[in-house]
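A short worksheet on the structure shown next.
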Amino acid sequence: MSKILEIKDVHAKIGEKEILKGLNLDLEPGKVHAIMGPNGAGKSTLSKTIVGHYDVEVTEGDILYKGKSILEMEPEERALEGIFLSFQHPVEIPGVNNAYFLRTALNAKRKHEGKEELNAAEFLREMKKHLEMLGMKADMISRSLNEGFSGGEKKRNEILQMLILQPEVIILDEIDSGLDIDALRAVSEGINMMKDGKRSFLVITHYSRILDYIKPDYIHVLKEGRIIKTAGPELVAQLEEHGYESIVEEA
Amino acid sequence: MNLSQLKGKSLSDAAALLGADEKSIALERFLSLGLPTKKSEEYRYFQVEKLLEQEYRTLTYIPKPIQEAEKIIIVDGVVTHAPHGMRVYYDQCQAMDMTHFDPLYYLGHLLSPHVIKIDLDGDTDVEIEHHYTQSDALITYRIVLLNQSNRHATLFESFHEEEIENTLVLYGYDTFVAPDSTLRILKNQYMHGNRYAMVASHRLQLEQRANAVIKSFDMGSDMGLQLIKADLDRYAHIDAGHLLYLNDEAQRGTVSKIVHKGEHSTSHQEAKNILDGHSRGIFDALIKVEHSAKWTKAHQNSKAILLDERAYMAAKPQLEIYIDELEASHGSTTGQLDEKQLFYLRSRGIAKQEARKMLVIAFANTLIEQVKDHRHQEIIKETFDKAFYQTSQKEAS
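Set out below in structure tokens:
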């Protein structure tokens with residue numbers, strides 16, 4: 362089994378509180394991994410740890426991406442290498458034009474890959490097809506980044522960024538929260554479009570609803586800072602019926 | 034000339050030193066206010082004494098024939114170029130403000146007996162380039178701006194200097210904004226290398242239903258202070274915006290007094306301050322609403338971002354109100370760049386320095402984008418880039 366991302370015995374804390382307590386997880390290329398767990402289990406801390414969030418301090422263990430440790434890498438370096446986090450609560454940045462931001466991010470990636478940067482016209486052509494697919498209004502890219510966007514619009518904007526940046530490891534932190542059925546369908550469609558047999562997805566969720574749209578290959582149960590069980594999609598039904606308390610930690 | 038010699042001088046001694054008439058009202062006002070010190074309210078945050086104590090060469094003004102050009106060019110206080118057909122000439126300043134709060138407003142007048150008068154005829158868009166070429170010099174000059182009723186004029190000022198040092202510029206304009214007219218004054222000033230320091234002392238008189246838009250973009254380092262006094266008649270409106278983007282040991286900013294004299298007059302004043310290095314930003318702004326100014330609206334606000342723990346913002350928005358029938362507000366905030374926003378941009382592959390720049394520009398953009406003329410806006414953005422990379426290079430080295 363090849364691995365694109367390996368999380369090895371990671372202990373991480375926020376402030377003085379240890380949240381991840383020896384977490385092990387391997388992501389396989391082309392697979393959808395869902396992380397489920399109760400509130401406070403450490404799901405969001407896991408996503409923050411992978412992308413190098415300033416809140417999190419890794420005290421033990423390692424994270425390997427394509428076999429290389431990323432713990433010493435800056436957040437932008439991790440992103441340029443192909444790791445993407447769709448935020449649970451994307452921040453609003455008044456005064457930063459959405460299109461300018463997206464083009465700057467895309468051109469940073471293209472430059473990193475030794476490709477020519479896109480000019481504004483080329484970029485807008487590229488963008489238009491994604492906007493239509495996601496059901497986003499054209500004016501959303503001329504507005505300030507996420508400013509005044511509804512919850513659904515913010516999530517669609519996250520998926521738009523994912524479609525443009527074409528990352529290889531995609532972490533979706535509660536992508537379904539605050540979405541109505543139409544938005545959930547559009548967002549899921551965007552995610553499913555990215556499946557190419559190579560990319561790996563880490564879907565962090567409270568509820569199984571999103572998993573009706575993005576079919577997972579593996580379900581991992583995260584509890585008290587560790588993965589306590591890994592199984593196939595059939596585990597979802599058990600969790601729905603009996604809750605997290607029913608899960609007994611695997612040896 | 035050493036301006037600190039004027040300290041505590043009698044009328045006759047000061048008149049002799051300045052070559053002024055003892056009966057001059059400007060001299061009387063100057064002496065009653067006194068030479069500014071660090072104890073003077075309007076210069077509390079600006080080390081003016083350091084500038085006044087230096088020895089400067091005074092320049093002999095020899096007005097030159099004005100050549101034709103697309104813009105007005107003033108070199109060391111002397112007009113050298115002006116657009117064809119525009120009335121730019123030297124004259125006596127016949128209408129000085131006798132209630133200005135700044136002693137250097139009067140000193141500037143005393144040292145510049147002939148002012149540069151600019152008639153803004155019709156709807157017009159004028160650019161003024163100020164050039165400074167002399168080291169160790171005291172450059173003093175004043176401008177009088179006159180526009181016409183029912184007309185809209187825009188003035189864009191920029192400042193340029195040669196490789197000079199230790200020069201002090203005392204400059205300012207007296208502006209009379211005609212009834213039912215609009216005058217926009219945009220100032221773009223980048224200072225770096227301690228080539229010159231500036232005290233610019235302005236006065237604006239807004240007639241009935243006049244509209245003045247004053248936007249200043251002060252960037253870079255060094256020492257520069259603008260002092261603005263504006264009087265508003267009935268239904269007059271002033272929209273003042275001040276952007277500071279400072280680094281190094283800069284001491285720059287605005288001291289202002291907007292006086293609502295007429296009913297239904299309105300004012301809006303906004304300062305955005307981005308301070309890096311050991312810089313000090315100044316926004317010391319008073320809005321005064323007199324008894325005669327019922328039903329006025331007055332709002333002022335200052336926001337500052339400190340990019341370095343050594344940077345300091347002296348923000349002092351103030352309201353002085355003598356009536357009940359009005360709408361007024363003021364406020365001030367100081368903080369750092371938002372860490373969440375910075376991380377969000379970086380998590381998309383944007384380098385830290387570029388992300389910082391995007392956030393700094395975003396903060397400044399609300400003021401820069403109020404400059405509707407695309408060309409002027411581009412010049413201001415270029416200046417902003419220059420100031421940003423000056424700071425970045427310093428950090429890198």
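Here the protein sequences line up with chains C and G, keeping their order.
Its first residue numbered 362, the first sequence is counted upward by one per residue in our numbering.
Its first residue numbered 34, the second sequence is counted upward by one per residue in our numbering.
C-beta: ideal position from N, C-alpha, C; glycine also.
All values derive from a computational prediction rather than experimental measurement.
| Partner residues on chain C for E296 (chain G), Cβ-Cβ distance less than 8 Å | If you number the second sequence from 1, residue 296 (chain G) lands on position 263. What E296 (chain G) touches in chain C: nothing, since even the nearest Cβ is about 35 Å away.
| task | Please report how far the alpha carbon of D370 (chain C) lies from the alpha carbon of F484 (chain C), in whole angstroms. | result | If you number the first sequence from 1, residue 370 (chain C) lands on position 9. If you number the first sequence from 1, residue 484 (chain C) lands on position 123. The alpha-carbon atoms of D370 (chain C) and F484 (chain C) are separated by roughly 41 Å.
| Residues bridged to G257 (chain G) by DSSP? | Here residue 257 (chain G) is taken as the residue at index 224 of the second sequence, counted from 1. Paired residue(s): G:M231, G:R285.
| query | Taking only beta-carbon atoms, is Q374 (chain G) less than 8 Å away from chain C? | reply | Position 341 of the second sequence holds residue 374 (chain G). By this cut-off, Q374 (chain G) is an interface position.
| message | When you compare the CB positions of L407 (chain C) and N459 (chain C), do they come within less than 8 Å of one another, or not? | response | Along the first sequence, read from residue 1 onward, the residue named residue 407 (chain C) stands at position 46. Along the first sequence, read from residue 1 onward, the residue named residue 459 (chain C) stands at position 98. Cβ distance not < 8 Å, so L407 (chain C) and N459 (chain C) don't count as in contact.
| task | Kindly indicate which three-state DSSP category E389 (chain C) falls into: helix, strand or coil? | result | Residue numbering aside, residue 389 (chain C) sits at position 28 when the first sequence is read from its first letter. Coil.
| message | Does the contact criterion of 3 or more C-beta pairs under 8 Å hold for the region 275–291 of chain G versus the region 240–256 of chain G? | response | yes
| task | Just the C-alpha distance for D578 (chain C) and E415 (chain G), rounded to the nearest angstrom, thanks. | result | Translated into the one-based positions of the first sequence, residue 578 (chain C) becomes position 217. Translated into the one-based positions of the second sequence, residue 415 (chain G) becomes position 382. One C-alpha to the other measures close to 52 Å.
| First through last residue of the alpha helix (DSSP H) which encompasses N518 (chain C) | On the first sequence, residue 518 (chain C) is found 157 positions in, with the first residue counted as 1. Unbroken alpha helix (DSSP H) run through N518 (chain C): 512–526.
| field | Per-residue contacts from T399 (chain G) into chain C (C-beta, under 9 Å) | value | The sequence position of residue 399 (chain G) within the second sequence is 366, counting from 1. Result: P455, G456.
| task | For Q222 (chain G), I'd like the list of residues in its chain whose CB is within less than 6 Å of its CB, leaving aside the five on either flank, ordered along the chain. | result | One-based indexing of the second sequence puts residue 222 (chain G) at position 189. Excluding positions up to five away in sequence, the list reads F192, D251.
| Helix, strand or coil: how does DSSP classify K419 (chain G) here? | For the purposes of this step, residue 419 (chain G) is taken as residue 386 along the second sequence, with counting starting at 1. Helix.
| Hey, I307 (chain G) and S300 (chain G): beta-carbon distance below 8 Å or not? | Along the second sequence, read from residue 1 onward, the residue named residue 307 (chain G) stands at position 274. Along the second sequence, read from residue 1 onward, the residue named residue 300 (chain G) stands at position 267. Not in contact: I307 (chain G) and S300 (chain G) (Cβ atoms no closer than 8 Å).
| request: Report yes if the CB atom of G382 (chain G) is closer than 8 Å to the CB atom of A373 (chain C), and no otherwise. | output: By one-based count along the second sequence, residue 382 (chain G) stands at place 349. By one-based count along the first sequence, residue 373 (chain C) stands at place 12. Going by C-beta atoms, G382 (chain G) is not nearer than 8 Å to A373 (chain C).
| query | DSSP on H147 (chain G), reduced to helix/strand/coil? | reply | Looking up residue 147 (chain G) in the second sequence gives position 114. H147 (chain G): strand per DSSP, three-state reduction.
| task | Using beta-carbon positions only, say whether G286 (chain G) and G310 (chain G) come within less than 8 Å of one another. | result | Looking up residue 286 (chain G) in the second sequence gives position 253. Looking up residue 310 (chain G) in the second sequence gives position 277. No, they are not a contact pair.
| message | So, does the region 434–443 of chain C touch the region 338–357 of chain G, judging by three or more C-beta pairs under 8 Å? | response | no
| From G:G257, G:A397, G:E296, G:N35, pick the residue whose C-alpha is nearest to that of A283 (chain G); which is it? | Here residue 283 (chain G) corresponds to residue number 250 of the second sequence, with the count starting at 1. Nearest option by C-alpha distance: G:G257.
| task | Please confirm if E437 (chain C) has its CB atom under 8 Å from at least one CB of chain G. | result | Translated into positions along the first sequence, residue 437 (chain C) becomes position 76. Output row for E437 (chain C): interface = yes.
| query | For L425 (chain C), does the three-state DSSP call read helix, strand or coil? | reply | In the first sequence, the residue the question calls residue 425 (chain C) occupies position 64. Reduced to three states, the DSSP call for L425 (chain C) is strand.
| said: Could you pull the DSSP bridge partners for V177 (chain G) from this structure? | reply: On the second sequence, position 144 is the one that residue 177 (chain G) refers to. Per DSSP, G:K150, G:D207.
| request: Report the rounded CA-to-CA distance for P98 (chain G) versus K336 (chain G), giving the unit in angstroms. | output: Against the second sequence, residue 98 (chain G) aligns to sequence position 65. Against the second sequence, residue 336 (chain G) aligns to sequence position 303. Computed Cα separation, rounded: 45 Å.
| Tell me the DSSP bridge mates of N459 (chain C)? | Sequence index remark: in the first sequence, residue 459 (chain C) carries index 98 (1-based). Partner(s): none; N459 (chain C) has no beta bridge.
| field | For A598 (chain C), the first and last residue of its enclosing alpha helix (DSSP H) | value | On the first sequence, residue 598 (chain C) is found 237 positions in, with the first residue counted as 1. Here the alpha helix (DSSP H) through A598 (chain C) covers 596–603.
| query | Curious, which full-length beta strand (DSSP E) runs of at least 3 residues does the region 269–325 of chain G contain? | reply | 270–279, 284–293, 299–308, 313–322
| request: Would you mind reading off the limits of the beta strand (DSSP E) that contains Q374 (chain G)? | output: If you number the second sequence from 1, residue 374 (chain G) lands on position 341. Where Q374 (chain G) is concerned, there is no enclosing beta strand (DSSP E), although the alpha helix (DSSP H) it sits in stretches over 372–379.
| message | Against chain C, which members of the region 228–253 of chain G pass a CB distance test of less than 9 Å? | response | none
| task | At 7 Å on the CB atoms, spell out the chain G contacts of A466 (chain C), in chain order. | result | For the purposes of this step, residue 466 (chain C) is taken as residue 105 along the first sequence, with counting starting at 1. Near A466 (chain C) (Cβ distances below 7 Å), the residues of chain G are R381, G382, I383.
| What are the start and end residues of the alpha helix (DSSP H) that includes M494 (chain C)? | Residue numbering aside, residue 494 (chain C) sits at position 133 when the first sequence is read from its first letter. Where M494 (chain C) is concerned, the enclosing alpha helix (DSSP H) stretches over 481–495.
| query | With burial defined as no fewer than 16 other Cβ atoms inside 10 Å of the residue's Cβ, what is the status of A273 (chain G): buried or exposed? | reply | Reading the second sequence from its first residue, position 240 is the one you call residue 273 (chain G). With 16 or more other Cβ atoms within 10 Å, it is buried.
| Taking Cβ positions, are D207 (chain G) and V177 (chain G) nearer each other than 8 Å? | As a position in the second sequence, residue 207 (chain G) is number 174, starting the count at 1. As a position in the second sequence, residue 177 (chain G) is number 144, starting the count at 1. Yes, these two residues count as a Cβ contact at 8 Å.
| task | For chain G, find out if any of its Cβ atoms is closer than 8 Å to the Cβ of Y568 (chain C); answer yes or no. | result | Mapped onto the first sequence, residue 568 (chain C) falls at position 207. Cβ-Cβ to chain G under 8 Å: no for Y568 (chain C).
| field | Nearest neighbour of I149 (chain G), chosen from G:Q403, G:R120, G:Y89 [CA to CA] | value | Indexing the second sequence from 1 puts residue 149 (chain G) at position 116. Among G:Q403, G:R120, G:Y89, the Cα nearest to that of I149 (chain G) belongs to G:R120.
| task | Mark P96 (chain G) as exposed unless 16 or more other C-beta atoms lie within 10 angstroms of its C-beta, in which case mark it buried. | result | Residue mapping note: residue 96 (chain G) aligns to position 63 of the second sequence, counting from 1. P96 (chain G) should be labelled exposed.
| Is the distance from the Cβ of S430 (chain C) to the Cβ of E389 (chain C) below 8 Å? | Position 69 of the first sequence, counted from the first residue, corresponds to residue 430 (chain C). Position 28 of the first sequence, counted from the first residue, corresponds to residue 389 (chain C). Contact flag unset, no.
| said: For the beta strand (DSSP E) containing D124 (chain G), name the first residue and the last one. | reply: Numbered from 1 along the second sequence, position 91 holds the residue referred to as residue 124 (chain G). Residues 120–125.
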